[in-house]
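Residue numbers (the working numbering), protein chains in the order written: chain R, 571 to 685; chain Y, 31 to 219.
Beneath this line is the structure, given in structure tokens, with notes to follow.
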């Protein structure tokens with residue numbers, strides 16, 4: 571039983587890993603956000619993001635031209651680096667979202683077959 | 031900017047050192063962003079500030095390895111792929127795999143060279159059979175053995191050479207893509 575639980579946990583981690591990019595892009599659709607804000611937002615929704623992992627991902631998204639960045643000084647406190655979706659990022663987000671919905675719907679049908 | 035605990039300052043200093051291969055602007059940008067994150071968390075009263083970052087070396091590798099693999103895949107350079115794969119290789123198996131594919135590429139280049147050389151030195155290049163030995167390549171003048179391929183060696187060497195180069199590059203790209211999927215940022219379990 572312990573083995574099964576561990577396997578499921580590994581599988582759950584892989585699911586999260588595979589969906590992190592989509593989750594980040596979705597979180598940037600409405601407004602620019604900075605890294606900590608993104609991590610907190612995703613964790614508040616139960617995704618269980620490792621805070622440190624968000625920055626290498628954001629760095630890659632920037633290198634791929636999906637986000638652009640800007641340091642913003644709020645006046646009080648210290649600056650934050652805000653990420654904003656580019657046109658390419660928005661398009662990528664939409665395509666990934668459609669792919670995810672197709673996949674989730676297909677899996678739901680398979681689940682329905684067994685009930 | 032708020033003060034950070036010493037361990038966090040050490041982490042940031044080490045991170046900057048580990049990122050030294052990046053352009054200065056990009057390196058400072060990354061370190062400034064992580065600093066900003068840690069200052070925010072410290073301000074919220076968090077105690078284990080570095081828990082999700084691991085060691086500076088491993089954390090820097092998440093930026094460097096991914097970047098190197100992505101660029102090598104985009105550039106389609108076999109040499110770049112080998113370097114990018116070896117950059118993050120922490121297991122001996124990776125070194126063996128990349129070295130083996132490097133040797134296959136070398137074999138491909140040698141065979142292409144022999145195919146060209148066969149056109150100009152037909153008696154000295156080919157597959158030689160003499161006594162109990164079999165020699166592939168170029169031999170010195172005057173050595174014994176009969177060349178058995180003739181001019182068929184040219185298309186044969188070309189074909190095998192291209193196949194070796196293509197398959198090694200294909201496998202390097204496959205390894206790099208797989209590696210990339212492994213090093214991309216992960217979520218905590």
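We put the CB at the ideal spot given by N, CA and C, even for glycine.
Residue burial classification, residue i (beta-carbon count within 10 angstroms, cutoff 16)
{"i": "residue 681 (chain R)", "result": "exposed"}
{"i": "residue 645 (chain R)", "result": "exposed"}
{"i": "residue 694 (chain R)", "result": "The structure shown has nothing for residue 694 (chain R), since chain R only spans 571 to 685."}
{"i": "residue 626 (chain R)", "result": "buried"}
{"i": "residue 574 (chain R)", "result": "exposed"}
{"i": "residue 193 (chain Y)", "result": "exposed"}
{"i": "residue 640 (chain R)", "result": "exposed"}
{"i": "residue 207 (chain Y)", "result": "exposed"}
{"i": "residue 647 (chain R)", "result": "exposed"}
{"i": "residue 33 (chain Y)", "result": "exposed"}
{"i": "residue 622 (chain R)", "result": "buried"}
{"i": "residue 126 (chain Y)", "result": "exposed"}
{"i": "residue 608 (chain R)", "result": "buried"}
For residue j and residue i, the rounded distance between their alpha carbons
{"i": "residue 162 (chain Y)", "j": "residue 178 (chain Y)", "result": "14 Å"}
{"i": "residue 181 (chain Y)", "j": "residue 191 (chain Y)", "result": "16 Å"}
{"i": "residue 67 (chain Y)", "j": "residue 584 (chain R)", "result": "26 Å"}
{"i": "residue 98 (chain Y)", "j": "residue 158 (chain Y)", "result": "44 Å"}
{"i": "residue 632 (chain R)", "j": "residue 659 (chain R)", "result": "9 Å"}
{"i": "residue 102 (chain Y)", "j": "residue 90 (chain Y)", "result": "18 Å"}
{"i": "residue 114 (chain Y)", "j": "residue 138 (chain Y)", "result": "21 Å"}
{"i": "residue 610 (chain R)", "j": "residue 92 (chain Y)", "result": "21 Å"}
{"i": "residue 661 (chain R)", "j": "residue 600 (chain R)", "result": "14 Å"}
{"i": "residue 222 (chain Y)", "j": "residue 145 (chain Y)", "result": "It is not possible to answer for residue 222 (chain Y), since the shown part of chain Y is limited to 31 through 219."}
{"i": "residue 38 (chain Y)", "j": "residue 130 (chain Y)", "result": "42 Å"}
{"i": "residue 650 (chain R)", "j": "residue 65 (chain Y)", "result": "10 Å"}
{"i": "residue 152 (chain Y)", "j": "residue 198 (chain Y)", "result": "28 Å"}
{"i": "residue 203 (chain Y)", "j": "residue 105 (chain Y)", "result": "11 Å"}
{"i": "residue 674 (chain R)", "j": "residue 596 (chain R)", "result": "17 Å"}
{"i": "residue 697 (chain R)", "j": "residue 678 (chain R)", "result": "Because residue 697 (chain R) is not part of the residues shown, which for chain R are 571 to 685, the question remains open."}
{"i": "residue 581 (chain R)", "j": "residue 209 (chain Y)", "result": "18 Å"}
{"i": "residue 634 (chain R)", "j": "residue 594 (chain R)", "result": "14 Å"}
{"i": "residue 72 (chain Y)", "j": "residue 79 (chain Y)", "result": "7 Å"}
{"i": "residue 171 (chain Y)", "j": "residue 165 (chain Y)", "result": "14 Å"}
{"i": "residue 663 (chain R)", "j": "residue 653 (chain R)", "result": "14 Å"}
{"i": "residue 643 (chain R)", "j": "residue 121 (chain Y)", "result": "44 Å"}
Residue i beta carbon near the ligand PLP (any heavy atom closer than 7 Å)
{"i": "residue 74 (chain Y)", "result": "With respect to the ligand PLP, the structure shown offers nothing to examine, as it has no ligands at all."}
Supposed close pair residue i, residue j - CB separation, criterion 8 Å
{"i": "residue 592 (chain R)", "j": "residue 637 (chain R)", "result": "Actually they are not in contact, since the Cβ atoms of residue 592 (chain R) and residue 637 (chain R) sit about 13 Å apart, beyond 8 Å."}
{"i": "residue 155 (chain Y)", "j": "residue 148 (chain Y)", "result": "4 Å"}
{"i": "residue 60 (chain Y)", "j": "residue 589 (chain R)", "result": "Not a contact, Cβ separation roughly 24 Å."}
{"i": "residue 57 (chain Y)", "j": "residue 49 (chain Y)", "result": "5 Å"}
Practice item. Could you list the residues in the stretch 605-617 of chain R with a C-beta less than 8 Å from some C-beta on chain Y, going in chain order? Key: Here the close residues are 605, 606 and 617.
Practice item. Below 9 Å between beta carbons is the criterion; list the residues of the stretch 632-647 of chain R that meet it against any residue of chain Y, in chain order. Key: Listed in sequence order: 633, 634, 639, 641 and 647.
Point to revise | Under 7 Å (Cβ pairs) to chain Y, residues found in the stretch 651-670 of chain R | key: 651: these are the residues of the stretch 651-670 of chain R whose beta carbon lies less than 7 Å from some beta carbon of chain Y, given in chain order.
Exercise for review: Select from the stretch 68-82 of chain Y all residues with a C-beta closer than 9 Å to any C-beta belonging to chain R, and list them in chain order.
Suggested key: 69, 70, 71, 73, 80, 81 and 82: these are the residues of the stretch 68-82 of chain Y whose beta carbon lies less than 9 Å from some beta carbon of chain R, given in chain order.
Practice item. Give, in chain order, every residue of the stretch 36-67 of chain Y whose Cβ lies closer than 9 Å to some Cβ of chain R. Key: From the stretch 36-67 of chain Y, only 56, 59, 60, 62, 63, 64, 65, 66 and 67 have a Cβ closer than 9 Å to chain R.
Exercise for review: Entirely within the stretch 54-139 of chain Y and at least 4 residues each: give me those alpha helix (DSSP H) ranges in chain order.
Suggested key: Runs of the alpha helix (DSSP H) inside the stretch 54-139 of chain Y: 54-73, 86-105 and 108-117.
**Study point:** 3 or more residues per run - each beta strand (DSSP E) lying fully within the stretch 605-650 of chain R
**Key:** Complete beta strand (DSSP E) runs here, min 3: 637-642.
Exercise for review: Taking only beta carbons into account, state which residues of the stretch 81-95 of chain Y come closer than 8 Å to chain R, listed in chain order.
Suggested key: Residues are counted here when their Cβ sits less than 8 Å from a Cβ of chain R; for the stretch 81-95 of chain Y these are 82, 83, 84, 89, 92 and 93, given in chain order.
Practice item. Could you run through the stretch 160-185 of chain Y and flag, in chain order, every residue whose CB is less than 8 Å away from some CB of chain R? Key: Residues: none.
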